[in-house]
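Trainee: Heads up: the sequence shown at position 223 corresponds to 223 in full-length UniProt numbering, and the numbers run straight through without jumps.
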Amino acid sequence: MADGAHKNSATFTYDGKTIDLPVIAGSVGPDVVDIRKLYAQTGMFTYDPGFTSTAACESAITYIDGDKGELLYRGYPIDQLAEKSHYLEVCYLLLYAELPTAAQLEDFEARVTRHTMLHEQMVNFYRGFRRDAHPMAVVCGVVGAMSAFYHDSTDINDPWQREVASIRMIAKLPTIAAWAYKYSIGQPFVYPRNDLDYAANFLHMCFATPCEEYVVDPILSRAMDRIFTLHADHEQNASTSTVRLAGSSQANPFACIAAGVACLWGPAHGGANEAALAMLREIGAPERIPEFIARAKDKDDPFRLMGFGHRVYKNFDPRAKVMKQSADEVLGLLGIENNPTLQVAKELEKIALEDSYFVDRKLYPNVDFYSGIILDAIGFPTSMFTAIFALSRTVGWIAQWKEMIEDPEGRIGRPRQLYTGAPSRDYSDVETR
Ligand code: CMC
1 MADGAHKNSA
11 TFTYDGKTID
21 LPVIAGSVGP
31 DVVDIRKLYA
41 QTGMFTYDPG
51 FTSTAACESA
61 ITYIDGDKGE
71 LLYRGYPIDQ
81 LAEKSHYLEV
91 CYLLLYAELP
101 TAAQLEDFEA
111 RVTRHTMLHE
121 QMVNFYRGFR
131 RDAHPMAVVC
141 GVVGAMSAFY
151 HDSTDINDPW
161 QREVASIRMI
171 AKLPTIAAWA
181 YKYSIGQPFV
191 YPRNDLDYAA
201 NFLHMCFATP
211 CEEYVVDPIL
221 SRAMDRIFTL
231 HADHEQNAST
241 STVRLAGSSQ
251 ANPFACIAAG
261 VACLWGPAHG
271 GANEAALAML
281 REIGAPERIP
291 EFIARAKDKD
301 DPFRLMGFGH
311 RVYKNFDPRA
321 KVMKQSADEV
331 LGLLGIENNP
341 TLQVAKELEK
351 IALEDSYFVD
361 RKLYPNVDFY
371 SGIILDAIGF
381 PTSMFTAIFA
391 LSRTVGWIAQ
401 WKEMIEDPEG
411 RIGRPRQLYT
421 GAPSRDYSDV
431 ETR
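(1) Should residue 113 be listed as close to ligand 2, given that the test is whether its C-beta is under 7 Å from any heavy atom?
(2) Look at the alpha carbon of residue 345 and the alpha carbon of residue 273, and state the distance between them as a whole number of angstroms.
(3) Exposed or buried, what is residue 84 when buried is set at 16 or more other beta-carbons lying within 10 Å of its beta-carbon?
(4) Along the chain, where does the beta strand (DSSP E) that runs through residue 441 open and close?
(5) How about residue 378 and residue 330: do their beta carbons lie closer than 8 Å?
(6) Can you check the stretch 84 to 139 for any beta strand (DSSP E) of at least 3 residues that lies completely inside it and give the ranges in chain order?
(7) Quick check: the stretch 242 to 259 against the stretch 394 to 413, are there 3 or more CB pairs under 8 Å?
(8) Anyone know if the C-beta pair for residue 445 and residue 190 falls short of 8 Å?
(9) Please list the segments of the alpha helix (DSSP H) lying wholly inside the stretch 227 to 273, counting only runs of 4 or more residues, in order along the chain.
(10) Apart from the five residues on each side of it in sequence, which residues of its chain come closer than 8 Å, Cβ to Cβ, to residue 152?
(11) For residue 315, name the three-state secondary structure that DSSP assigns.
(12) Can you tell me which residues form a DSSP beta bridge with residue 282?
(13) What are the boundary residues of the beta strand (DSSP E) that residue 305 is part of?
(14) Taking 8 Å as the cut-off, decide whether the C-beta atoms of residue 365 and residue 70 are in contact.
(15) Nearest to residue 62 by CA position, among 9, 357, 91, is which residue?
(16) What three-state label does DSSP hand residue 14 in the structure shown?
(17) Check whether the Cβ of residue 306 sits closer than 7 Å to any heavy atom of ligand 1, and report yes or no.
(18) For the 8 Å Cβ check, are there 3 or more pairs between the stretch 87 to 102 and the stretch 144 to 151?
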């Protein structure tokens, strides 16, 4: 991959020594100071826990402007894609950098659709899990296990194998997630239906049973498709960085994506939609909101308002705007605008948007605040929320992984540290300690 344009240089002075550090400009967004030679020239590292000021890679996939509340996939604003496009077209865009022609889209959809079934032996693999296993534990395990089932697409140096692995994961993740759900509730697996679109097929695999046909409502499948689209990629977040770091060791693609799934699980990241709905239920009634707002402000209490705040969006989360609209549509269709959880959500949103603690810290409802409400209304248990996020994000992880693998300058990721432990000392025998 070519470097961004060299623009200028910054000077760094320490201990009487000054060096020039190149400044590189991207296509949009802040310039970066190239510190790759800093250690060689000064013997110093930079210190940036949480990577708040560090660009760990060059990427042309997704751009976020947190202050403007802007999210672009390959340059296209997320609200336009959510309104006019659909998930598989967005997958194509993320993977291949341009919107497809009609023929390209037809071919891509056919390729994905032909890979939706899991190897039948994987059914035995599912049966090894405890019957009440959390769907994320199952998804993480099954995605990792794909490397044991699909040997013919694990060679990262073969572009054809990389392509097949990518299509397999995008195609199979809905089946893997739906089966994790079916397994957790003790129902038979429902096989994919290739006459349904991506989102409708997922809903069908989750809610149909052999005893009863499940007719997918187009409003619900559209809402599902939007959830997939809005979560498809999000630049260098924790799980994507995990996938890149795992991939930098040249691990196989299934192992890398499984690493991403594991990272996504945490409540500060993909687990937030589950945590947000659990919080709304715990609050239970609008009268109890002040108590929880007080706890969120109390620095001695670890409680945070789940579904509020974002590391990058400090104005508003553009995905939350679309998701809020979708939530209104779905709840209207299902006629459940007055359910107690929703009442609490609406009231909490209102109070938090007016309270100076949240306003001053720019803590706005994020995408997970609304996605949890929609998924609950569709009929998913909270334990499935993060698994659905994982299936949506798979394409983003894959696009980022491919970009990294195809970068000729790629090298293993290896952060440094500020060591604060004991200096070198001699071992003492146990009798003398
Ligand atoms: N409730 C109450 N206070 C909060 C919250 C919250 N949800 N989020 C941040 N703060 C406070 C925090 O205590 C700190 O206050 P002070 O300056 O007085 O010490 C200030 O706001 C800045 O917080 P921070 O921890 O430095 O912010 P961060 O950028 O490191 O954290 C975050 C971002 C998303 C982890 C955090 O806002 C959070 O824990 N939110 C709840 C979990 C959540 O909804 N996560 C989903 C994120 S969206 C999905 C995704 O893209 O992964």
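Where a beta carbon is used, it is the ideal one built from N, C-alpha and C, also for glycine.
Mentor: Checking against the coordinates, here is how it stands:
(1) With respect to ligand 2, the structure offers nothing, as its ligand set consists of ligand 1.
(2) About 13 Å.
(3) Classification for residue 84: exposed.
(4) In the structure as shown, the chain starts at 1 and stops at 433, and residue 441 therefore has no counterpart that could be examined.
(5) Result yes, Cβ atoms of residue 378 and residue 330 sit closer than 8 Å.
(6) The beta strand (DSSP E) runs lying completely inside the stretch 84 to 139 and spanning 3 residues or more number zero.
(7) Contact holds: three or more Cβ-Cβ distances are below 8 Å.
(8) Nothing about residue 445 can be reported from this structure: the residues present for the chain run from 1 to 433 only.
(9) Within the stretch 227 to 273, the alpha helix (DSSP H) runs of at least 4 residues that lie entirely inside it are, in chain order, 238 to 248, 253 to 264.
(10) If you ignore the 5 residues before and after residue 152, its C-beta comes within less than 8 Å of the C-beta of 161, 164, all in its own chain and listed in chain order.
(11) Reduced to three states, the DSSP call for residue 315 is coil.
(12) Looking at the DSSP output, residue 282 sits in no beta bridge, so it has no partner there.
(13) That residue, residue 305, is in no beta strand (DSSP E); it is neither H nor E in DSSP.
(14) No, Cβ-Cβ distance for residue 365 and residue 70 is not below 8 Å.
(15) Distances from the alpha-carbon of residue 62 to those of 9, 357, 91 put 91 closest.
(16) In the structure shown, residue 14 sits in a strand (DSSP, three-state: E or B).
(17) Correct: residue 306 has its Cβ closer than 7 Å to ligand 1.
(18) Taking 8 Å as the limit for Cβ pairs, the verdict is that the stretch 144 to 151 does not touch the stretch 87 to 102.
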